[in-house]
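*Asks:* The sequence shown begins at 1 in the UniProt record's numbering and counts up one residue at a time.
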Amino acid sequence: MLPVAKCVANAEGNTAKARGSYLRVHFKNTRETAQAIKRMHVKRATKYLKNVMAKKEVVPFRRFSGGVGRCAQAKAFKHSQGRWPKKSAEFLLQLLKNAESNAEYKVNYGVSQSCYSF
(Lines of atoms letter the chains of each structure in order from A and count residues from 1; the text may use other names and numbers.)
(Lines give C-alpha, C1' and ligand atoms only; values in the text may rest on other atoms or scores of the structure.)
Protein backbone atom coordinates (compact mmCIF):
# COMPACT_ATOMS: atom_id res chain seq x y z
CA MET A 1 0.00 0.00 0.00
CA LEU A 2 1.27 3.46 -0.86
CA PRO A 3 1.89 6.12 1.78
CA VAL A 4 -0.82 8.75 2.14
CA ALA A 5 1.53 11.72 2.02
CA LYS A 6 5.23 12.22 1.58
CA CYS A 7 7.03 13.86 4.48
CA VAL A 8 10.00 16.13 3.90
CA ALA A 9 13.07 14.58 5.52
CA ASN A 10 14.16 16.16 8.82
CA ALA A 11 11.50 18.86 8.60
CA GLU A 12 8.89 17.40 10.94
CA GLY A 13 9.38 20.27 13.38
CA ASN A 14 8.97 22.90 10.66
CA THR A 15 5.90 21.55 8.90
CA ALA A 16 2.19 21.99 9.41
CA LYS A 17 -0.51 19.82 7.90
CA ALA A 18 -4.15 20.29 6.98
CA ARG A 19 -6.51 17.98 5.15
CA GLY A 20 -10.10 17.67 4.06
CA SER A 21 -12.31 14.65 3.65
CA TYR A 22 -15.61 13.89 1.90
CA LEU A 23 -15.35 17.03 -0.20
CA ARG A 24 -17.87 18.09 -2.81
CA VAL A 25 -15.28 19.11 -5.41
CA HIS A 26 -14.08 17.51 -8.62
CA PHE A 27 -10.91 15.48 -8.20
CA LYS A 28 -9.29 16.45 -11.50
CA ASN A 29 -9.79 20.19 -11.03
CA THR A 30 -8.57 20.04 -7.44
CA ARG A 31 -5.52 17.98 -8.38
CA GLU A 32 -4.44 20.39 -11.09
CA THR A 33 -5.04 23.41 -8.82
CA ALA A 34 -3.01 21.81 -6.02
CA GLN A 35 -0.16 21.05 -8.42
CA ALA A 36 -0.19 24.68 -9.55
CA ILE A 37 0.33 26.02 -6.00
CA LYS A 38 2.86 23.37 -5.04
CA ARG A 39 6.22 24.89 -3.97
CA MET A 40 4.75 28.42 -3.78
CA HIS A 41 5.05 30.58 -0.70
CA VAL A 42 1.85 30.93 1.29
CA LYS A 43 1.26 34.58 0.37
CA ARG A 44 1.81 33.91 -3.34
CA ALA A 45 -0.43 30.83 -3.25
CA THR A 46 -3.20 32.81 -1.54
CA LYS A 47 -2.94 35.60 -4.11
CA TYR A 48 -2.85 33.06 -6.95
CA LEU A 49 -6.01 31.29 -5.76
CA LYS A 50 -7.85 34.61 -5.40
CA ASN A 51 -6.75 35.54 -8.93
CA VAL A 52 -8.02 32.17 -10.21
CA MET A 53 -11.43 32.87 -8.68
CA ALA A 54 -11.43 36.30 -10.34
CA LYS A 55 -10.24 34.75 -13.66
CA LYS A 56 -7.06 36.85 -13.69
CA GLU A 57 -4.75 33.80 -13.63
CA VAL A 58 -5.35 30.32 -14.99
CA VAL A 59 -4.76 26.83 -13.64
CA PRO A 60 -2.79 24.88 -16.25
CA PHE A 61 -4.13 21.40 -16.94
CA ARG A 62 -1.27 19.01 -17.60
CA ARG A 63 -2.32 15.45 -16.76
CA PHE A 64 -6.11 15.51 -16.99
CA SER A 65 -6.27 17.70 -20.07
CA GLY A 66 -8.80 15.83 -22.21
CA GLY A 67 -11.60 18.14 -23.25
CA VAL A 68 -10.02 21.18 -21.63
CA GLY A 69 -10.06 24.26 -23.80
CA ARG A 70 -7.06 26.32 -24.75
CA CYS A 71 -6.46 29.77 -23.31
CA ALA A 72 -3.81 32.43 -23.69
CA GLN A 73 -3.22 32.76 -19.93
CA ALA A 74 -1.71 29.27 -19.84
CA LYS A 75 1.33 30.58 -21.72
CA ALA A 76 2.66 31.85 -18.38
CA PHE A 77 3.10 28.20 -17.37
CA LYS A 78 4.49 27.14 -20.77
CA HIS A 79 1.33 25.24 -21.50
CA SER A 80 -1.70 25.72 -23.75
CA GLN A 81 -4.68 24.34 -21.80
CA GLY A 82 -6.21 25.73 -18.65
CA ARG A 83 -9.33 26.47 -16.63
CA TRP A 84 -10.49 28.56 -13.71
CA PRO A 85 -11.93 26.03 -11.20
CA LYS A 86 -13.63 28.34 -8.69
CA LYS A 87 -14.93 25.69 -6.28
CA SER A 88 -11.58 23.89 -6.07
CA ALA A 89 -9.76 27.19 -5.56
CA GLU A 90 -12.13 28.15 -2.73
CA PHE A 91 -11.57 24.79 -1.03
CA LEU A 92 -7.78 24.94 -1.36
CA LEU A 93 -7.75 28.54 -0.11
CA GLN A 94 -9.64 27.43 2.99
CA LEU A 95 -7.26 24.49 3.42
CA LEU A 96 -4.25 26.77 2.97
CA LYS A 97 -5.53 29.16 5.65
CA ASN A 98 -6.03 26.20 7.98
CA ALA A 99 -2.48 24.98 7.39
CA GLU A 100 -1.15 28.50 7.92
CA SER A 101 -2.92 28.82 11.26
CA ASN A 102 -1.59 25.38 12.25
CA ALA A 103 1.91 26.58 11.35
CA GLU A 104 1.51 29.74 13.42
CA TYR A 105 0.45 27.63 16.35
CA LYS A 106 3.32 25.19 15.90
CA VAL A 107 6.21 27.31 14.66
CA ASN A 108 7.56 30.69 15.74
CA TYR A 109 6.56 33.74 13.72
CA GLY A 110 8.84 34.92 10.94
CA VAL A 111 9.69 31.50 9.51
CA SER A 112 9.39 31.28 5.73
CA GLN A 113 6.47 28.99 4.89
CA SER A 114 6.00 27.19 1.60
CA CYS A 115 3.48 24.71 0.21
CA TYR A 116 5.45 21.53 -0.32
CA SER A 117 2.95 18.74 -0.83
CA PHE A 118 -0.71 19.01 -1.69
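Think of the CB as a built atom: it goes at the ideal place given N, C-alpha and C, for glycine as much as any other residue.
Just how far apart, CA to CA, sit residue 31 and residue 100?
*Replies:* C-alpha separation (whole angstroms): 20 Å.
*Asks:* For residue 28, I'd like the list of residues in its chain whose CB is within less than 6 Å of its CB, leaving aside the five on either flank, ordered along the chain.
*Replies:* Counting only Cβ-Cβ distances below 6 Å, and skipping sequence neighbours, we find 64.
*Asks:* Quick one: Cα of residue 37 to Cα of residue 98, how far?
*Replies:* The alpha-carbon atoms of residue 37 and residue 98 are separated by roughly 15 Å.
*Asks:* What are the residues that DSSP puts in a beta bridge with residue 31?
*Replies:* DSSP lists no partner for residue 31.
*Asks:* What does residue 82 pair with, by DSSP beta-bridge criteria?
*Replies:* Beta-bridge pairing links residue 82 to 60.
*Asks:* So if DSSP puts residue 70 in a beta bridge, which residue, or which two residues, is it bridged to?
*Replies:* 81, per the DSSP bridge assignment.
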